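Under my numbering, the sequence shown has 290 at position 96, and the numbering climbs by one with no breaks. Here the structure comes first, spelled out in structure tokens, and everything after it is commentary.
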Amino acid sequence: MNRIIDEIVRLANAEWEFFGKQEFDVDGRKVRDGMDETEDGFWQRVGIYWRDGTGKNLTGKNDDFPWSATFISYLMRKAGAADRFKYNALHSVYIRAAIKARERGNKAYGFWGFRLAERPPEIGDLVCYSREAGISFDTQSTSYKSHSDVVVGRSERAIQVIGGNVGNSVSRKTLKLDNRGLLTDQSHDWFCVLQNRLDTANS
């Protein structure tokens, strides 16, 4: 039974639906418009992500603050990850924590980091890319520009992911997999799959 993973997926889908189901196809084309983060009723929702996800006193009205990592933090906190996740406004913080947790065999942390060639992404996992040059699985630190989406659906050759602050909304994307189930999408510099271990024992 994947109680926490199921709740993460449910919450992600609910937020995507709230924002009008903006969607991008496997070639990166927008196939459906959603609501913009600056519109009334929606910037307030971003403010909730800030407050409940990372404890920041931001209303969401000022779009100078990227909120994609805060969105992921919101999902994890609401789903019950408790102290097994590094809630932060930077994706790089919880990405590095997951990579280090696997290196050290730390079962207390709720995610383990894998290279793209090491793990096919599964539902509930996070897939991560760098937005800076020179960042890879082996060269990342705790502070660099990056992005993560949560996997909410999977078929033989594709995954569906949901992320915040994508196209100024909560959006769903379809990403290509190869015949081994590994992520091969070329739209971004993907470098890491974070295995969701929140429903496994933490010791």
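Idealized CB from N, CA, C, for every residue including glycine. These numbers were taken from a predicted model, which means no experiment stands behind them.
Distance, Val346 Cα to Gly318 Cα: For the purposes of this step, residue 318 is taken as residue 124 along the sequence shown, with counting starting at 1. For the purposes of this step, residue 346 is taken as residue 152 along the sequence shown, with counting starting at 1. Near 6 Å, if we compare the C-alpha coordinates of Val346 and Gly318.
Tell me, to the nearest whole angstrom, how far the beta carbon of Val220 is from that of Thr378; I am working on the premise that it is less than 8 Å. Here residue 220 corresponds to residue number 26 of the sequence shown, with the count starting at 1. Here residue 378 corresponds to residue number 184 of the sequence shown, with the count starting at 1. Rounded, the Cβ-Cβ distance is 11 Å, inconsistent with contact.
His207 versus Ile356 - alpha carbon distance: One-based indexing of the sequence shown puts residue 207 at position 13. One-based indexing of the sequence shown puts residue 356 at position 162. Note on residue identity: the sequence assigns Asn, not His, to residue 207. Rounded to the nearest angstrom, the gap between the Cα atoms of Asn207 and Ile356 is 8 Å.
With which residues is Asp227 paired in a DSSP beta bridge? For this step, residue 227 is matched to residue 33 along the sequence shown. Answer is none; Asp227 lacks a bridge partner.
Compute the Euclidean distance between the alpha carbons of Arg325 and Arg197, then round it to the nearest angstrom. As a working note, residue 325 is residue 131 in the sequence shown. As a working note, residue 197 is residue 3 in the sequence shown. If I take the Cα positions, the gap works out to 32 Å.
CA-to-CA distance, Ala302 to Trp244, given in whole angstroms: Residue 244 sits at position 50 when you count from the first residue of the sequence shown. Residue 302 sits at position 108 when you count from the first residue of the sequence shown. The straight-line gap separating the alpha-carbon atoms of Trp244 and Ala302 is approximately 25 Å.
Report, in whole angstroms, the separation of the C-beta atoms of Ala273 and Ile202, which I expect to be a contact under 8 Å. Translated into the one-based positions of the sequence shown, residue 273 becomes position 79. Translated into the one-based positions of the sequence shown, residue 202 becomes position 8. With a Cβ gap of about 4 Å, Ala273 and Ile202 count as contacting.
Spatial neighbours of Lys280 in its chain, beta-carbon cut-off 6 Å, leaving aside the 5 residues before and after: If you number the sequence shown from 1, residue 280 lands on position 86. Once the five neighbours on either side are set aside, the close Cβ partners of Lys280 are Val287, Tyr288, Ala291.
For Gly241 and Gly228, believed in contact at Cβ under 8 Å, the rounded distance: On the sequence shown, residue 228 is found 34 positions in, with the first residue counted as 1. On the sequence shown, residue 241 is found 47 positions in, with the first residue counted as 1. Between Gly228 and Gly241 a beta carbon distance of about 18 Å is seen, past the 8 Å cut, so the two are scored as non-contacting.
Expressed to the nearest angstrom, what Euclidean distance is found between the alpha-carbon atoms of Arg351 and Pro314? Within the sequence shown, numbered from 1, the residue matching residue 351 stands at position 157. Within the sequence shown, numbered from 1, the residue matching residue 314 stands at position 120. Those two C-alpha atoms are separated by around 11 Å.
Helix, strand or coil: how does DSSP classify Trp384 here? For the purposes of this step, residue 384 is taken as the residue at position 190 of the sequence shown. Three-state result, Trp384: strand.
Of the choices His382, Leu371, Arg366, whose alpha-carbon is the least far from that of Glu217? Position 23 of the sequence shown, counted from the start, is the residue given in the question as residue 217. Nearest neighbour of Glu217 by Cα position, chosen from His382, Leu371, Arg366, turns out to be Arg366.
Are the beta-carbon atoms belonging to Leu376 and Val344 less than 8 Å from one another? Start at 1 with the first residue of the sequence shown, and residue 376 comes out as number 182. Start at 1 with the first residue of the sequence shown, and residue 344 comes out as number 150. Cβ distance not < 8 Å, so Leu376 and Val344 don't count as in contact.
Residue environment, Ala311, which counts as buried when at least 16 other CB atoms sit within 10 Å: Taking the first residue of the sequence shown as 1, we reach residue 311 at position 117. Flag for Ala311 reads exposed.
Can you tell me where the beta strand (DSSP E) holding Tyr323 begins and where it ends? Residue mapping note: residue 323 aligns to position 129 of the sequence shown, counting from 1. Here the beta strand (DSSP E) through Tyr323 covers 320-324.
Buried or exposed: which applies to Ser337, given that a residue is buried once 16 or more other Cβ atoms fall within 10 Å of its Cβ? Stepping through the sequence shown from its first residue, residue 337 is reached at position 143. Ser337 comes out exposed.
On the CB-based measure, 16 or more other CB atoms within 10 Å of its CB, does Ala295 come out buried or exposed? Residue numbering aside, residue 295 sits at position 101 when the sequence shown is read from its first letter. Around the beta carbon of Ala295, 16 or more other beta carbons lie within 10 angstroms, which makes this residue buried.
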